[in-house]
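Below is one structure; the comments refer to it alone.
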Amino acid sequence: MSADTSVPIYPLLAERKSPRSLDESVTLSPDEIRALLEAARWAPSANNLQPWRFFVGQRGDSVFTNILESLRPFNQGWAKRASLLALVAGVTKNEDGSENNSYMYDCGLAVSQFTLEAHSRGYVAHQMAGFEKDVAIGKLSIAPGLIPVVVIAIGKQSGVEQLDEATAQRELAPRVRKPLEEIVVIGLEH
Ligand SMILES: Cc1cc2nc3c(=O)[nH]c(=O)nc-3n(C[C@H](O)[C@H](O)[C@H](O)COP(=O)(O)O)c2cc1C
29 MSADTSVPIY
39 PLLAERKSPR
49 SLDESVTLSP
59 DEIRALLEAA
69 RWAPSANNLQ
79 PWRFFVGQRG
89 DSVFTNILES
99 LRPFNQGWAK
109 RASLLALVAG
119 VTKNEDGSEN
129 NSYMYDCGLA
139 VSQFTLEAHS
149 RGYVAHQMAG
159 FEKDVAIGKL
169 SIAPGLIPVV
179 VIAIGKQSGV
189 EQLDEATAQR
199 ELAPRVRKPL
209 EEIVVIGLEH
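Numbering of the sequence shown is given in the working numbering, commencing with residue 29 and proceeding in unit increments.
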């Protein structure tokens, strides 16, 4: 179901959502996977530093298994049916050794583009912070200087009957947001 927006917005934005019921028979083609990564690649970033690095596994391969094993148990329970798992790590320092204070922000922009490209192709992309960074660093041999930021489960939405009762209820609940009056401190009346 599309989001209940106060005015019409671009349909892809209204329809994007983060379901947990995924069809475990679905695979993405190499061209589709490349397109998601290409969409991320063209995200804006501070000074065009592009401080994002992707580790992508397809269900059944060792990268997928390693990312899955880094997830917290609740997330493992549903994300095991994803077609892809992608871990995004941020480059924390600039070339001169100083801190890049916007690497997380920039990673979020890249992930947003990745997510919307996935949804535009009929897939869903569900982001997760519920994973153990140290486990991911060890299992994926993530280089020093890269910090895991988020894991994304990509797949095709399926029926809620595969979920436990509580998770199914969350899936079926209306998607909600704070009202604009709360999040816009100045400027809504223009
Ligand atoms: C940074 C981030 C971390 C998240 N972590 C998790 C998570 O660990 N497990 C989970 O099931 N969902 C997670 N989510 C999904 C959010 O719960 C979801 O985006 C939010 O409830 C809004 O729902 P919607 O994406 O369907 O609009 C995360 C989303 C973001 C952006």
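Glycine residues also receive a C-beta, built at the ideal position from the N, C-alpha and C atoms.
- Counting only the Cα atoms, F92 lies some 44 Å from G215.
- At a cut-off of 7 Å, the beta-carbon of R203 counts as near ligand 1: some heavy atom of the ligand is closer than that.
- About 14 Å separates the Cβ atoms of C135 and W70, ruling out a contact at the 8 Å cut-off.
- Shortest gap from the CB of Q155 to any heavy atom of ligand 1: under 7 Å.
- When secondary structure is reduced to three states using DSSP, L137 falls in the helix class.
- Ligand 1 never approaches K206 closely enough for any of its heavy atoms to be under 7 Å from the residue's Cβ.
- For E127, same chain residues with a beta-carbon under 8 Å away, outside a window of 5 residues either side, are T120, K121 in chain order.
- According to the DSSP assignment, Q155 belongs to no alpha helix (DSSP H) but to the beta strand (DSSP E) extending over 152-156.
- For P58, the enclosing alpha helix (DSSP H) has its first and last residue at 58-69.
- According to the DSSP assignment, L115 belongs to the beta strand (DSSP E) that extends over 112-119.
- Ligand 1 approaches K45 closely enough that one of its heavy atoms is under 7 Å from the residue's Cβ.
- If you draw a straight line from the Cα of G105 to the Cα of M29, it is about 24 Å long.
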